[in-house]
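Enquirer: The opening residue of the sequence shown carries number 16 in my numbering; numbering runs sequentially from there. Glycine residues also receive a C-beta, built at the ideal position from the N, C-alpha and C atoms. Shown below is the structure under consideration.
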Amino acid sequence: MAALFVMPRRLAALVMLVLAACGNSSVPLAEVPQLPEVTPAELRAELAESAAPVVVNVWASWCAPCRSEAPLLRSAAAEWGGRVRFIGIDVRDTQDEGRAFVAEFGLTALDHRFDPSGAVPRHLGGIGVPLTFFFYPAGELAYLHRGVIDERTLALWIDVIAGAA
Numbered sequence: 016m017a018a019l020f021v022m023p024r025r026l027a028a029l030v031m032l033v034l035a036a037c038g039n040s041s042v043p044l045a046e047v048p049q050l051p052e053v054t055p056a057e058l059r060a061e062l063a064e065s066a067a068p069v070v071v072n073v074w075a076s077w078c079a080p081c082r083s084e085a086p087l088l089r090s091a092a093a094e095w096g097g098r099v100r101f102i103g104i105d106v107r108d109t110q111d112e113g114r115a116f117v118a119e120f121g122l123t124a125l126d127h128r129f130d131p132s133g134a135v136p137r138h139l140g141g142i143g144v145p146l147t148f149f150f151y152p153a154g155e156l157a158y159l160h161r162g163v164i165d166e167r168t169l170a171l172w173i174d175v176i177a178g179a180a
């Protein structure tokens, strides 16, 4: 009977080791600058001038699905940051809440913008959060993903837009 309890302890120890190896990805709040406000026209101009493909993720600190996809976006930005630009747009939030979200998830590899009214995603054709837009260089929209994005879909569309660069 004692052997039955050994396996769960070993499994629990293994899980703890894996979690410890993942480390804490947060950064100090003091390292997160103010998120610059952006209008739809400003973002459109920024996308049109981009020589690189761009992934734009629209999120909010109060959005549970946004929180679940944040680690995946952090990893993708770290992996693809040299070839693809990543922009996070915090909508219908406060500066303090947005900065705290960036710090909590260590999203410093993304360029962040602040859109308190939520006008930017509406202008781009999206409603709700999270939204992930994939743009070819010079700002042509390749794909809009509504809801939580999974690793496979994110990788597929990054490959599509990066292949055009």
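Thinking C-beta only, is Arg89 closer than 8 Å to Leu50?
Expert: As a working mapping, residue 50 is identified with position 35 in the sequence shown. As a working mapping, residue 89 is identified with position 74 in the sequence shown. Not in contact: Leu50 and Arg89 (Cβ atoms no closer than 8 Å).
Enquirer: Please classify Asp165: is it buried, with 16 or more other beta-carbons within 10 angstroms of its beta-carbon, or exposed?
Expert: Indexing the sequence shown from 1 puts residue 165 at position 150. So Asp165 ends up on the exposed side.
Enquirer: Mapping the DSSP letters down to three states, classify Glu64 as helix, strand or coil.
Expert: The sequence position of residue 64 within the sequence shown is 49, counting from 1. Coil at Glu64, not helix or strand.
Enquirer: Can you check DSSP and say which residues form a bridge with Asp126?
Expert: The residue you call residue 126 lines up with position 111 of the sequence shown. Beta-bridge pairing links Asp126 to Ile102.
Enquirer: Using 8 Å as the threshold, is the C-beta distance between Trp96 and Trp74 below it?
Expert: As a working mapping, residue 96 is identified with position 81 in the sequence shown. As a working mapping, residue 74 is identified with position 59 in the sequence shown. The sequence as given places Gly at residue 96; Trp does not occur at that position. In this structure, Trp74 does not lie closer than 8 Å to Gly96 by Cβ.
Enquirer: When the distance is taken between beta carbons, is Leu159 closer than 8 Å to Gly143?
Expert: As a working note, residue 143 is residue 128 in the sequence shown. As a working note, residue 159 is residue 144 in the sequence shown. No. Outside cutoff.
Enquirer: Closest by CA to Arg107, which one among Ala93, Ala124, Pro136, Thr123?
Expert: In the sequence shown, the residue the question calls residue 107 occupies position 92. Among Ala93, Ala124, Pro136, Thr123, the Cα nearest to that of Arg107 is on Pro136.
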